[in-house]
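To start, the structure itself, in structure tokens.
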Amino acid sequence: MNKRIELIRNPRRLLLEIIKDLSVEQLNKIPAGFNNNIIWNIGHLIAAQEGVCYRRSGLELKTDENFFQSYKAGSKPEAFVDEAEVERIKSLLFSTLDELDADYNAGIFKTYTGVVTRYGIELSNIEDGINFLPFHEGLHMGCIVTLKRLVLQ
Numbered sequence: 001m002n003k004r005i006e007l008i009r010n011p012r013r014l015l016l017e018i019i020k021d022l023s024v025e026q027l028n029k030i031p032a033g034f035n036n037n038i039i040w041n042i043g044h045l046i047a048a049q050e051g052v053c054y055r056r057s058g059l060e061l062k063t064d065e066n067f068f069q070s071y072k073a074g075s076k077p078e079a080f081v082d083e084a085e086v087e088r089i090k091s092l093l094f095s096t097l098d099e100l101d102a103d104y105n106a107g108i109f110k111t112y113t114g115v116v117t118r119y120g121i122e123l124s125n126i127e128d129g130i131n132f133l134p135f136h137e138g139l140h141m142g143c144i145v146t147l148k149r150l151v152l153q
């Protein structure tokens, strides 16, 4: 297991612990003043990983295009996410990391279209992309914790 990818896996385990007692309705609730919800933020972690690692490398996504479009940066929740899809998203948190680890170790990331993120962080290669993910996930973990407080009020 790549150590950098393990730095993503452990907080995702914590994330599942944080949300374990929330209902599907609570995961879908958009509090006043917000434009997204907890389940969107979780799906976004997966879509961001897909975009930063696979799309920027010119590779096929591990999720489907519809999933990516639903959770990519700039999207927002468009429909209620049912229990089956919530479980799929939870599973994707880890299966996509396993695939990323295997693909990285197989050396499939040969090209990379660089970008400067909205946070001013330059991503020039797959290593930069993987290193960016824990920072990005931390931002969304903060959002999820805030959203949880609001949906429990």
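When we follow my numbering, the leftmost residue of the sequence shown carries the number 1, and every step to the right adds one.
For every residue, glycine included, the Cβ atom is placed at its ideal position computed from N, Cα and C.
Computed from a prediction, not measured in an experiment: that's the story for all the values here.
- Taking the Cβ atoms as the reference, Y112 lies roughly 6 angstroms from I126, within the contact range of under 8 angstroms.
- In this structure, the CA atom of I38 is about 13 angstroms from the CA atom of E78.
- Within the region 83-130, the runs of alpha helix (DSSP H) that reach at least 4 residues and sit entirely inside it are, in chain order, 83-106.
- Apart from sequence neighbours up to five positions away, the residues of its chain that approach L93 with a beta-carbon distance below 6 angstroms are R12, ordered along the chain.
- Between the C-alpha atoms of L16 and G107 there is a straight-line separation of about 30 angstroms.
- Between the region 47-59 and the region 131-143, the count of Cβ pairs shorter than 8 angstroms is three or higher; the stretches touch.
- Fewer than three beta-carbon pairs drawn from the region 25-43 and the region 114-125 are found closer than 8 angstroms, and the two stretches are therefore not classed as touching.
- If you keep only unbroken alpha helix (DSSP H) runs of at least 4 residues inside the region 19-44, you get 24-28.
- Boundaries of the alpha helix (DSSP H) harbouring F68: E65 to Y71, taken from the DSSP string.
- Just measuring C-alpha positions, the residue of S95, V151 and G138 sitting nearest K62 is S95.
- C-alpha of N36 to C-alpha of K3: approximately 31 angstroms in a straight line.
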